[in-house]
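Protein chains in written order, with our numbering: chain A, 421 to 962; chain B, 25 to 350.
We treat Cβ as the ideally placed atom computed from N, Cα and C, and that holds for glycine.
Given the structure is predicted, the values throughout are model-derived calculations rather than measurements.
Quick notes on the structure that follows.
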């Protein structure tokens, strides 16, 4: 196991807070007008930044718990303009990768943010102001993650911490601005997101992992060396790690990805140190982060799926409308809405049977203290959800080649030697993203706040977005884009190959765009040491 | 000849760019802002005409030449490349080659250099070309009998003579070109052999005829027997002589086979490729529309598809240089 200085790494890289009892996430964005005041602002926030250290488990020499789980998890990131605004040296600024310097808006053509997703239609905070008004671009991202009270409302510390931040802004005498401009009319001062809630009998409200289209989100995240303790790492690596060359063996082929794919300053899968900037001590233990607000057109999606399912049901010979609709949903994403992958259950009836066999899982998850046997059962369920590969399904009979999860994480399917026994992730393991984020629902608009961590925005995020989501050649799908999140400028169809669910192929066509970008940018998420250097103005100590 | 392969001619032209300068009217390049007032001659003696190198002007003219619909940011409604006005070329490209890239000093071994007395402070020669060159490379159909370059030159001259003059007039000796025949002669003068053409129209590989294998085995047997016989009857030096001769024959045999053109792949000419793309796209549309049809409706729809799209006939088809069915 790699030893990471977890106390130096920001906690949002390490943990999906939503699963650690923080179903609320508030995003605040700031502009800094003067480096000195900006550094004071960073210095004031610095002590409260949540690190990746395990909570309530590490015990000091005196037997006391070292790190308690905080009521609010706070994290911070900077755009390139933000790093310039706090006065980083020219050498550090100019050596950053092009795409980070450009920012997300300038990369719209690469990302497929065109037409209804184009930056000119983004929330006002991400756009230049009308002529005559001062331009205050986003410099700093602050994220507050909060727990919930039994009635599912956010804990009061969220409002208190927000108030404290507003106090800091006030004390800056106009040199630090909390940027408003969220929402279609720009009326909101920050962007809230939260898990969607479900009432569980006898328990009250519980947060779910569902996004607004009804799919279970965030199941298969990559695992890197040192992220977890050894035992947890072994379980999580199956499905979340890389697949070794040689004969495929589910018990032995999976291993965690090299840390440097996500955390800077450590070796990556190319056996190199990731390229970020200089000095190395500023970069180490940092990460790049994508922040994107993605609007989901739930109505258009449901309407289009219903229309397509009518034809799909006829082609597949499914009399049951629900079966046709749910199967089509599953084919679009590659998972049933329950989260069960098509690779584990290719038909509606198999999924139903499987869910019955595992009906104890939701209750097990909520149980505060579990027996080893119960934990083992949860591990088995996790393996079922993530521990698959595509060597068993080269033609997409189970999971269509163009399905969302196959595009986002092709696992072993691009291996030229792919067969029933062989298949490695050598060609795909350098293009993984740690996804974080929660749904939002504000001003009648639904969507997700998508965040992704990686060591190279260009190699990882932009490649996946451009080549895999907005293009289809790697998936034998021509110009077809992702049926869920793709642009429709060059193609509006999606092919469901023949398989157990439908014995002739089905082509969905005339699909509208379901997901639109409403704003976002690229952020550098510094280590705690780098935050100190920013605050002290000693990034270049000479 | 490697320039001709599988029914396609891979034309590689390296035309030297004129070393002299040309006086051009001092006006902004197309798309540039119009100046409010002409520059006064007393402020700039070159105000009326600015001397520019042909290398500069060629780069500017190439930047203004329309390209094909290559990326999703190309304007699908805009005018297409002049090379789309003929149905012979699959690809055509221009590149300005200023010189060989400089990779720095040829590295040496310090110990060897010291022993040989080489002084690392003495500069090594740096390679350069005698002039800048314009590379013109085109992959063209060569199915019709006769000289493929002559046919191509005729097609180009009749469809894009204006653009050819704009580009090639910056090259040496193009002034004398006045028709298809003289264009062909000029291209031939500047042509270099394409030694590694790339053809992707035999996706399932061509079955090699069995004869060469038999010949090769026979040759091998003769060489082996000859070597042994010479060795036994005359001496080791005779055996070595026969072996060298046999190796040379084998080498010449392989080179001879390698230099032969691959046979023409069926339906690999541009009109057939365009028709295939047209059928691929229209058949996808048909397949989408036919989903859920009963047998009678499917039969009628397919009949309509055949009648409208004419898979066996040259038309209707897709226009060159412009994807999609209009």
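Count the other CB atoms, across all protein chains shown, that sit within 10 Å of the CB of residue 203 of chain B; report buried if there are 16 or more and exposed otherwise. If you number the second chain from 1, residue 203 of chain B lands on position 179. Here residue 203 of chain B is exposed: its Cβ has fewer than 16 other Cβ atoms, across all protein chains shown, within 10 Å.
Closer than 8 Å by beta-carbon distance: list the chain A residues that pair up with residue 312 of chain B, in chain order. Taking the second chain and counting its residues from 1, the one referred to as residue 312 of chain B is at position 288. Going along chain A in sequence order, the residues near residue 312 of chain B (Cβ under 8 Å) are 913, 927 and 929.
Against chain A, with Cβ distances strictly below 7 Å, would residue 315 of chain B count as a contact? Within the second chain, numbered from 1, the residue matching residue 315 of chain B stands at position 291. Chain A, which has a Cβ nearer than 7 Å to the Cβ of residue 315 of chain B, makes this yes.
Among A:901, A:875 and A:874, which one has its Cα closest to the Cα of residue 887 of chain A? Here the question's residue 887 of chain A lines up with position 467 in the first chain. Looking at the Cα atoms, A:901 is the closest of the given residues.
So what does DSSP say about residue 81 of chain B, is it helix, strand or coil? Translated into the one-based positions of the second chain, residue 81 of chain B becomes position 57. Helix.
Apart from the five residues just before and just after residue 518 of chain A, which ones in its own chain have a Cβ nearer than 8 Å to its Cβ? Taking the first residue of the first chain as position 1, residue 518 of chain A is located at position 98. So the list reads 878, once near-sequence residues are dropped.
Use the C-beta contact count for residue 261 of chain B: other C-beta atoms within 10 angstroms, 16 or more gives buried, fewer gives exposed. For the purposes of this step, residue 261 of chain B is taken as residue 237 along the second chain, with counting starting at 1. Residue 261 of chain B comes out exposed.
Span of the beta strand (DSSP E) holding residue 871 of chain A? Counting from 1 along the first chain, the entry for residue 871 of chain A is found at position 451. Note, residue 871 of chain A: beta strand (DSSP E), 865-874.
If I'm right that residue 437 of chain A touches residue 710 of chain A with Cβ under 8 Å, what's the distance once you round it to whole angstroms? Within the first chain, numbered from 1, the residue matching residue 437 of chain A stands at position 17. Within the first chain, numbered from 1, the residue matching residue 710 of chain A stands at position 290. Their Cβ separation, rounded to whole angstroms, is 17 Å, which puts residue 437 of chain A and residue 710 of chain A out of contact at 8 Å.
Should the region 691-711 of chain A be called in touch with the region 510-517 of chain A, which here means at least 3 C-beta pairs below 8 Å? With the cut-off at 8 Å, the region 691-711 of chain A and the region 510-517 of chain A touch.
Can you check which of these residues, A:482, A:919 and A:882, is closest to residue 818 of chain A by C-alpha distance? The residue given as residue 818 of chain A occupies position 398 in the first chain. Just measuring C-alpha positions, the residue of A:482, A:919 and A:882 sitting nearest residue 818 of chain A is A:919.
Alpha carbon of residue 771 of chain A to alpha carbon of residue 792 of chain A, nearest angstrom: What you label residue 771 of chain A is simply residue 351 of the first chain in a count that begins at 1. What you label residue 792 of chain A is simply residue 372 of the first chain in a count that begins at 1. Roughly 27 Å between the two C-alpha positions.
Using the beta-carbon count (16 or more within 10 Å), is residue 553 of chain A buried or exposed? Here residue 553 of chain A is taken as the residue at index 133 of the first chain, counted from 1. The residue is exposed, with fewer than 16 neighbouring Cβ atoms inside 10 Å.
Any idea what DSSP makes of residue 769 of chain A, helix, strand or coil? On the first chain, residue 769 of chain A is found 349 positions in, with the first residue counted as 1. Note: residue 769 of chain A maps to helix in three-state DSSP.
State the beta-bridge partners of residue 216 of chain B as determined by DSSP. The residue you call residue 216 of chain B lines up with position 192 of the second chain. For residue 216 of chain B, which the question treats as bridged, DSSP gives the partners B:36.
By the 7 Å beta-carbon criterion, what residues does the region 728-743 of chain A contribute toward chain B? 731, 734 and 735
Name the residue from A:667, A:683 and A:506 whose alpha carbon lies nearest to the alpha carbon of residue 952 of chain A. As a working note, residue 952 of chain A is residue 532 in the first chain. It is A:506.
When we look at the beta-carbon of residue 429 of chain A and count the other beta-carbons within 10 Å, is it buried (16 or more) or exposed? One-based indexing of the first chain puts residue 429 of chain A at position 9. Buried, by the Cβ-count rule.
Please classify residue 615 of chain A as buried or exposed, where buried requires at least 16 other C-beta atoms within 10 Å of its C-beta. Position 195 of the first chain, counting from 1, holds the residue named residue 615 of chain A. Counting Cβ neighbours within 10 Å, residue 615 of chain A comes out buried, since at least 16 surround it.
For a test of the three-state rule: what should DSSP assign to residue 120 of chain B, helix, strand or coil? Here the question's residue 120 of chain B lines up with position 96 in the second chain. Three-state DSSP puts residue 120 of chain B in a strand.
Can you tell me which of the three DSSP states residue 575 of chain A falls into? Locating residue 575 of chain A in the first chain gives position 155, counting from the first residue. DSSP, read as helix, strand or coil, puts residue 575 of chain A in coil.
Residue 633 of chain A by DSSP, collapsed to three states: which one? Sequence index remark: in the first chain, residue 633 of chain A carries index 213 (1-based). Residue 633 of chain A: coil per DSSP, three-state reduction.
What residue from A:680, A:480, A:610 and A:560 has the CA that sits closest to residue 860 of chain A's CA? On the first chain, residue 860 of chain A is found 440 positions in, with the first residue counted as 1. For residue 860 of chain A, the nearest C-alpha among the options comes from A:610.
Here's a check: name, in chain order, each residue in its chain whose Cβ is nearer than 6 Å to the Cβ of residue 544 of chain A, leaving out the five neighbours to either side. Indexing the first chain from 1 puts residue 544 of chain A at position 124. Cβ neighbours of residue 544 of chain A beyond the five flanking positions: 601 and 606.
Is residue 130 of chain B helix, strand or coil when you go by DSSP? The residue you call residue 130 of chain B lines up with position 106 of the second chain. In the three-state reduction of the DSSP assignment, residue 130 of chain B falls in the coil class, being assigned neither a helical nor a strand state.
From A:855, A:835 and A:629, residue whose alpha carbon lies closest to that of residue 846 of chain A: Here residue 846 of chain A corresponds to residue number 426 of the first chain, with the count starting at 1. Ranking A:855, A:835 and A:629 by Cα distance to residue 846 of chain A puts A:835 first.
On the criterion of 16 or more Cβ atoms from any shown chain inside 10 Å, does residue 271 of chain B qualify as buried, or is it exposed? Within the second chain, the letter at position 247 stands for residue 271 of chain B. Exposed is the call here.
Excluding five sequence neighbours on each side, which residues of the same chain lie with their C-beta closer than 8 Å to the C-beta of residue 812 of chain A? Within the first chain, the letter at position 392 stands for residue 812 of chain A. Here the set comprises 763, 818 and 840.
Helix, strand or coil for residue 924 of chain A, going by three-state DSSP, please let me know. As a working note, residue 924 of chain A is residue 504 in the first chain. In the structure shown, residue 924 of chain A sits in coil (DSSP, three-state: anything other than H, G, I, E or B).
Any chance the region 125-145 of chain B sits against the region 200-214 of chain B, with 3 or more Cβ pairs inside 8 Å? no
State buried or exposed for residue 897 of chain A, treating a residue as buried only when at least 16 other CB atoms are found within 10 Å of its CB. Position 477 of the first chain, counted from the first residue, corresponds to residue 897 of chain A. Residue 897 of chain A should be labelled buried.
To the nearest angstrom, report how far apart residue 254 of chain B and residue 220 of chain B are at their CA atoms. Along the second chain, read from residue 1 onward, the residue named residue 254 of chain B stands at position 230. Along the second chain, read from residue 1 onward, the residue named residue 220 of chain B stands at position 196. Approximately 40 Å between the Cα atoms of the pair.
For residue 477 of chain A and residue 503 of chain A, the rounded distance between their alpha carbons: Taking the first residue of the first chain as 1, we reach residue 503 of chain A at position 83. Taking the first residue of the first chain as 1, we reach residue 477 of chain A at position 57. Computed Cα separation, rounded: 35 Å.
Does DSSP classify residue 580 of chain A as helix, strand or coil? To locate residue 580 of chain A, count along the first chain from 1; it is residue 160. In the structure shown, residue 580 of chain A sits in a helix (DSSP, three-state: H, G or I).
Cβ shell of residue 725 of chain A (< 7 Å), same chain only, five flanking positions each side left out: The residue given as residue 725 of chain A occupies position 305 in the first chain. Answer for residue 725 of chain A: 745, 748 and 749, listed in chain order.
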